[in-house]
Amino acid sequence: MTAQPGCVARQNTCINVAGLIEAVHTAKVNTMPELPEVETMVRGIRDHLVGRQIQSTRFCRCYCKPIQISPSKQKLRQALRNSRIHAVQRLAKRIVITLDHSRSMVIEPRMTGLLLLTAPPTPAHRRIRWNLDPQPGLADSFEFWDRRGLGTVRLFNQTELAELRDQLGPDPLEMTPDQWAHQLARTRRAIKSALLDQHLVVGIGNIYASEILHRAGISPESPASSLSAEQIAQLAQTSSQILKDAIRYEGSTLGDGTYRNALNRQGGYQNKHCVYQKEGELCPTCRRGQIRRIIQAQRSTFFCPRCQRT
Ligand SMILES: [Zn+2]
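In terms of the working numbering, the sequence shown opens at residue 73 and continues consecutively.
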């Protein structure tokens, strides 16, 4: 639908703006893929990319919503030509590819973006293909695929990358219980909503927030700053455990089948979920409670009221 400037009723405009703000807010705090899926992408491509030279960048013809590319297609193509890849790392839910001259290409897959070494799920949603210098036994290219087009590909210098790091909270795979206590003391919001706030802790989205709180036995409605030291220690340990397990299983591919690893294969952790999208089912932990779904900050939360008492 195209915008109709000048003839949109004020009320509708407000609704649209409110909807837009919510969509932007939701995209910021809760995007799939989450930490385990992005870490799986990084591990899937790293060995094929590090030490290689990008020979050329091809922007694929795609008739869907375009992804965001900055500074521009032309400048990105020029900057990458013959640039060597020095490292491939994860920063929160982004992939950071370190290049020559202290520059980095930062890719944020957001809802439906994938980094692939093989043929994508659909040719129509191919976005960018990077051709590498040929090496025996290694992929000769990698590409970014994005069905909905919410992903971003940006070129950063060192200062810009440092600024991005400063905006983000700590990584849950590296946080100590003291760091957890410090971050959670900053908000009285419900712990489930706090876990989605990328300024407090990065990488956790709707799936893993519900799963982590369930295994930690913490009610999603407890105010973050009210957790006891024992609960915080449990949360720290459980977060690390669940995220590492999910990485081991190469992430969660939900019913829509969108998330795939670098070889276009499904993850396996969806089969290990205890509560996520299991409303009405018997709790697999206590085998007596029934999984409930509630809405918190416009997002569904799944939990067992018996295991996770307020
Ligand atoms: Zn239970």
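Even glycine gets a Cβ: it sits at the ideal position worked out from N, Cα and C.
Around arginine 166, the same chain offers Val178 and Glu180 as residues with beta carbons nearer than 6 Å, after the five sequence neighbours per side are excluded. The closest CA to that of aspartate 212, considering only Gln127, Leu152 and Tyr321, is found on Gln127. Ranked by how close their Cα comes to the Cα of serine 155, the residues Gln161, Ile141 and Arg124 have Arg124 in first place. Annotation: aspartate 238 to leucine 107 spans about 18 Å, alpha carbon to alpha carbon. Threonine 382 is positioned such that its CB atom lies closer than 8 Å to that of serine 291.
Here valine 160 is not near arginine 220, since their CB atoms are 8 Å or more apart.
With three or more CB-CB distances shorter than 8 Å, the segment 194 to 201 counts as touching the segment 129 to 138. By the Cβ neighbour-count rule, glycine 327 is exposed, with fewer than 16 other Cβ atoms within 10 Å of its own. Per the DSSP secondary-structure output, arginine 198 pairs in a beta bridge with Trp217. Not one heavy atom of ligand 1 lies closer than 7 Å to the C-beta of glycine 352.
Nearest neighbour of leucine 233 by Cα position, chosen from Arg162, Ala308 and Cys355, turns out to be Arg162.
With a minimum length of 3 residues, the unbroken runs of beta strand (DSSP E) contained wholly in the segment 118 to 191 fall at 125 to 131, 140 to 142, 159 to 163, 166 to 170, 176 to 180 and 185 to 188. Contact annotation, glutamine 313 with glycine 289: C-beta distance approximately 13 Å; criterion of less than 8 Å not satisfied. Scanning Gly223, Tyr280 and Ile304 for the CA closest to the CA of lysine 137 turns up Gly223.
In the DSSP assignment, isoleucine 367 falls outside any alpha helix (DSSP H) and within the unbroken beta strand (DSSP E) covering 364 to 368. Distances taken from the Cβ of arginine 378 to the heavy atoms of ligand 1 include one shorter than 7 Å. In chain order, Ala262 and Thr382 place their CB closer than 7 Å to the CB of glutamate 293, counting only its own chain and leaving out the 5 sequence neighbours on each side. Annotation for serine 265: the continuous alpha helix (DSSP H) segment containing it runs 263 to 267.
In the three-state reduction of the DSSP assignment, threonine 259 falls in the coil class. Threonine 310 carries a helical assignment under DSSP once its states are collapsed to helix, strand and coil. Counting along the chain, leucine 285 sits inside the alpha helix (DSSP H) bounded by residues 278 to 288. Taking the C-beta atoms as reference points, threonine 184 is found no nearer than 8 Å to asparagine 336. Counting every other CB atom within 10 Å of its CB across the protein chains shown gives serine 300 a total below 16, marking it as exposed.
Residue pairing from DSSP places leucine 204 in a beta bridge opposite Ile126. Burial state of aspartate 250 is exposed, judged by a 10 Å Cβ sphere holding fewer than 16 other Cβ atoms.
In the three-state reduction of the DSSP assignment, leucine 245 falls in the coil class.
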